[in-house]
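K.L.:
Here full-length UniProt numbering is used: the first residue of the sequence shown is 1, the next is one more, and so on. Ideal Cβ placement from N, Cα and C applies to all residues, glycine included.
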Amino acid sequence: MAKPKGQLENNIRTLRFHHNEMSQKALAEAVGVSRQTIVAIEAAKYSPSLELAFLIANVFETPLEEVFSYTPAPPKK
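1. Could you tell me which uninterrupted beta strand (DSSP E) segments, each at least 3 residues in length, are contained entirely in the region 21-75, listed from first to last along the chain?
2. Using a Cβ distance threshold of 8 Å, determine whether the region 54-62 contacts the region 28-36, with at least three qualifying pairs required.
3. Spatial neighbours of K5 within its chain, please: C-beta separation below 8 Å, excluding the five flanking residues on both sides.
4. What's the C-alpha gap between A44 and K77?
5. Could you please give the first and the last residue of the uninterrupted beta strand (DSSP E) stretch that includes N10?
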């Protein structure tokens with residue numbers, strides 16, 4: 001039986017805005033992925049690898065915890 005998944009959230013859109021309104025394309029180029037990957041991550045439809053998450057945090061010069069947060073699923077009863 002599959003375990004319920006938690007929720008990975010991010011502040012990428014806000015961080016892009018505060019970094020001279022950085023485009024999704026510019027962020028994608030900075031970390032070496034497609035713009036569509038950034039779109040999917042921002043929309044919480046795709047969870048990045050740990051390496052990609054760190055690369056994104058490095059672009060914004062901020063700790064990983066300020067870019068991404070994870071809320072675990074409630075335990076099954």
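P.N.:
By the coordinates alone:
1. 68-71
2. yes
3. A73
4. 27 Å
5. Q7 to N10
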